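Taken in sequence, the protein lines are chains A and B.
Count the first sequence with UniProt numbering and you get residues 1 to 269, in order.
Count the second sequence with UniProt numbering and you get residues 1 to 245, in order.
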Amino acid sequence: MDALEQLRKTFFDWQAMADVIPQILTVGLPNTLILAISSAVLGCIFGLVLAVLGLSHNPLLRWMARIYTDIFRGLPAILTILLIGLGFGPVVRILTGSTNPFPLGILALTLMGAAYIGEIFRSGIQSVDKGQLEASRALGFSYTSSMILVIIPQGIRRVLPALVNQLISLIKDSSLIYLLGLLGSQREIFRIGNDAAANTGNLSPLVAAGILYLVLTIPLTHLVNFMDNRMRSGRPDKGGGSAATGPSGLAGQAVVEPVGPASLAGKGN
Amino acid sequence: MTEFSSGTLTGTNLHLSFGSLHVLRGIDLHVEHGTTASLIGPSGSGKSTLLRVLNRLIEPDTGDIALDGKSVLTENPDRLRQRIGMVFQQFNLFPHKTVADNVSLALHKLRKMPKDQARAKALEHLDMVGLKHKADARPGNLSGGQQQRVAIARALAMEPEVMFFDEATSALDPELVKGVLALMADLATSGMTMVVVTHEMGFSRNVSDSVTFMDGGVVVETGPPEQIFTDPQTPRLRGFLSDIL
Numbered sequence: 001m002d003a004l005e006q007l008r009k010t011f012f013d014w015q016a017m018a019d020v021i022p023q024i025l026t027v028g029l030p031n032t033l034i035l036a037i038s039s040a041v042l043g044c045i046f047g048l049v050l051a052v053l054g055l056s057h058n059p060l061l062r063w064m065a066r067i068y069t070d071i072f073r074g075l076p077a078i079l080t081i082l083l084i085g086l087g088f089g090p091v092v093r094i095l096t097g098s099t100n101p102f103p104l105g106i107l108a109l110t111l112m113g114a115a116y117i118g119e120i121f122r123s124g125i126q127s128v129d130k131g132q133l134e135a136s137r138a139l140g141f142s143y144t145s146s147m148i149l150v151i152i153p154q155g156i157r158r159v160l161p162a163l164v165n166q167l168i169s170l171i172k173d174s175s176l177i178y179l180l181g182l183l184g185s186q187r188e189i190f191r192i193g194n195d196a197a198a199n200t201g202n203l204s205p206l207v208a209a210g211i212l213y214l215v216l217t218i219p220l221t222h223l224v225n226f227m228d229n230r231m232r233s234g235r236p237d238k239g240g241g242s243a244a245t246g247p248s249g250l251a252g253q254a255v256v257e258p259v260g261p262a263s264l265a266g267k268g269n
Numbered sequence: 001m002t003e004f005s006s007g008t009l010t011g012t013n014l015h016l017s018f019g020s021l022h023v024l025r026g027i028d029l030h031v032e033h034g035t036t037a038s039l040i041g042p043s044g045s046g047k048s049t050l051l052r053v054l055n056r057l058i059e060p061d062t063g064d065i066a067l068d069g070k071s072v073l074t075e076n077p078d079r080l081r082q083r084i085g086m087v088f089q090q091f092n093l094f095p096h097k098t099v100a101d102n103v104s105l106a107l108h109k110l111r112k113m114p115k116d117q118a119r120a121k122a123l124e125h126l127d128m129v130g131l132k133h134k135a136d137a138r139p140g141n142l143s144g145g146q147q148q149r150v151a152i153a154r155a156l157a158m159e160p161e162v163m164f165f166d167e168a169t170s171a172l173d174p175e176l177v178k179g180v181l182a183l184m185a186d187l188a189t190s191g192m193t194m195v196v197v198t199h200e201m202g203f204s205r206n207v208s209d210s211v212t213f214m215d216g217g218v219v220v221e222t223g224p225p226e227q228i229f230t231d232p233q234t235p236r237l238r239g240f241l242s243d244i245l
């Protein structure tokens, strides 16, 4: 019985949780969202560039995209964050006088995210029926205009679920920024939970942090499933029409403005 | 419908190879403005490829293409394609845009028409094909026949000098074919210059002014429909007609 009580106190000490929750919500949550959302938005923009390079007719551009993707997809997140954050930190300090680790942290997350997002976009764009490009060209649109107006919007729409998965990843990986050294007000969810756990010798604050991560990620996971289902069930007789009748609200927004979440990120920053 | 004063299309000695595959072997085709030319022939004979070469979706290896007597090979191909409308077997409407947006997109973006004006014009052309009431639907919610009529409206809205139809009814359910053919016949009667790749021999015979029979990348026989269908000169055309009629 003592052992059970011991475990309960270790993981679910309500008082320890209650003490840390206000800070997690007022300091940690906004910081985590800033990190995750800004790197997601920047990663989408950069990822789209990578996808377009990866589909280019120019083999040199294709290779550059390929090599970039291989490197940043192949390195552990923790290693990239340390190399970028610690390596460029002093340079940034000399140039700007700032010691805030957020810009470099966001940069590292963006570079990693872009490698995955670029592949997601590329597969989406490649899945668009060839007839779409032909029809667009036949109307008189240039290759570039056809990509921007016709092909890329359809490609993005098809990979929205995969993109949300990537956002979930970034939310989790943003916890690694603590390695760069954070001031009290810069701490994100994990660091606040971890500090409190270290100070009290009790893991309950970390459990509280974990619960908040789940509160963020589980709804997103279900959003992915929901979007996936809508896209499937909205499918009429032919593949091409599927997305059109799919999640018109959500997908519609993202398609009209591929960098839609920019407004969100603005708030975050 | 509008008046068509231009649109004489001439292809001269067109050659095209994909690697070792010689798809077009010296094609000559002349379509007088205001007339309809059908291209018939077995699959793989190069009919659809010829259409794509004529509007430079595929660049010919050699040969010349002229519109109203002027070579278009030096022209910007995007400009050329604004002068030639094309309708595809698979419709190829843009599924992420509404029916009206499908029709107005090129008007707005290429012809630089203000949005409301482009939409008004799109609605006008949708009305012409009897689908104004579907303006705000998505293509995926339309029948194949309706989608193809929208595709025709989309091409016509650009006021092309020539219209290409690439097996426009081949992907349609039989009961939907009639409506699209009737629309194409109306268009031909109105004086549009048309080049029609088709397996619909009835259409070819009754609507077109000339019929060109292709096989193996060459024009085997060309002439007015009565001659082609009732008095074929070559054994290859006779064989083709007896196979399909």
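Where is the CB? At the ideal position from N, CA and C, for every residue including glycine.
From a predicted model like this one, the values you see are computed outputs, not experimental measurements.
Note down the Cα distance separating residue i from residue j, rounded to an integer number of angstroms.
i: A/G47; j: A/A77; result: 17 Å
i: A/R8; j: A/G210; result: 16 Å
i: B/R236; j: B/L176; result: 31 Å
i: B/D215; j: B/L51; result: 15 Å
i: B/L105; j: B/A155; result: 11 Å
i: B/V31; j: B/R238; result: 24 Å
i: B/Q227; j: A/L55; result: 50 Å
i: B/V195; j: B/L9; result: 9 Å
i: B/F164; j: A/L223; result: 44 Å
i: residue 271 of chain B; j: B/V87; result: With chain B represented from 1 up to 245, any question about residue 271 of chain B goes unanswered, as that position is not in the structure.
i: A/P30; j: A/I171; result: 12 Å
i: A/A142; j: B/D78; result: The sequence given here places Ser at residue 142 of chain A; Ala does not occur at that position. Roughly 6 Å between the two C-alpha positions.
i: A/D129; j: A/R122; result: 14 Å
i: B/M201; j: B/L21; result: 28 Å
i: B/I152; j: A/I71; result: 48 Å
i: A/I177; j: A/G184; result: 13 Å
i: B/T193; j: B/V207; result: 12 Å
i: A/L75; j: B/K132; result: 55 Å
Using a Cβ-Cβ distance cut-off of 8 Å, determine whether residue i contacts chain B.
i: A/V27; result: no
i: A/G140; result: yes
i: residue 337 of chain A; result: Nothing can be reported for residue 337 of chain A: it is not among the residues displayed for chain A, which extend from 1 to 269.
i: A/R157; result: yes
i: A/V150; result: yes
i: A/Q186; result: no
i: A/P153; result: yes
i: A/F121; result: no
Please state the DSSP three-state secondary structure of residue i.
i: B/A66; result: strand
i: A/F102; result: helix
i: B/D28; result: strand
i: B/A151; result: helix
i: A/N165; result: helix
i: B/I58; result: coil
i: A/S142; result: coil
i: B/D173; result: coil
i: B/S20; result: coil
i: B/D136; result: coil
i: A/S204; result: helix
i: B/L14; result: strand
i: B/T49; result: helix
i: A/L176; result: helix
i: B/M194; result: strand
i: B/T8; result: coil
i: residue 299 of chain B; result: What is shown of chain B runs 1 to 245, which leaves residue 299 of chain B out entirely.
i: A/G193; result: helix
i: B/M184; result: helix
i: B/M86; result: strand
Check the Cβ of residue i against every Cβ in chain A and list those closer than 8 Å, keeping chain order.
i: B/L57; result: E134, R137, A138
Interface residues of chain B around residue i at Cβ under 9 Å?
i: A/S145; result: D78, K109, L110
Cβ closer than 9 Å: which chain A residues qualify as neighbours of residue i?
i: B/A106; result: S136, L139, G140, F141
i: B/R81; result: R137, A138, L139, G140, F141
Is the Cβ of residue i closer than 8 Å to any Cβ of chain A?
i: B/H133; result: no
i: B/T119; result: Here residue 119 of chain B turns out to be Arg, not Thr, going by the sequence shown. Taking Cβ atoms only, chain A never reaches closer than 8 Å to B/R119, which makes this a no.
i: B/F18; result: no
i: B/M201; result: no
i: B/H96; result: yes
i: B/M158; result: yes
i: B/M86; result: yes
Please name the residue or residues paired with residue i in a DSSP beta bridge.
i: B/E221; result: B/F213
i: B/S38; result: B/V196, B/V211
Which residues in chain A sit within 7 Å of residue i, going by Cβ to Cβ distance?
i: B/Q90; result: G131
Is residue i close to chain E, meaning its C-beta is less than 8 Å from at least one C-beta of that chain?
i: B/L245; result: Here chain E cannot be found, since the structure's protein chains are A and B.
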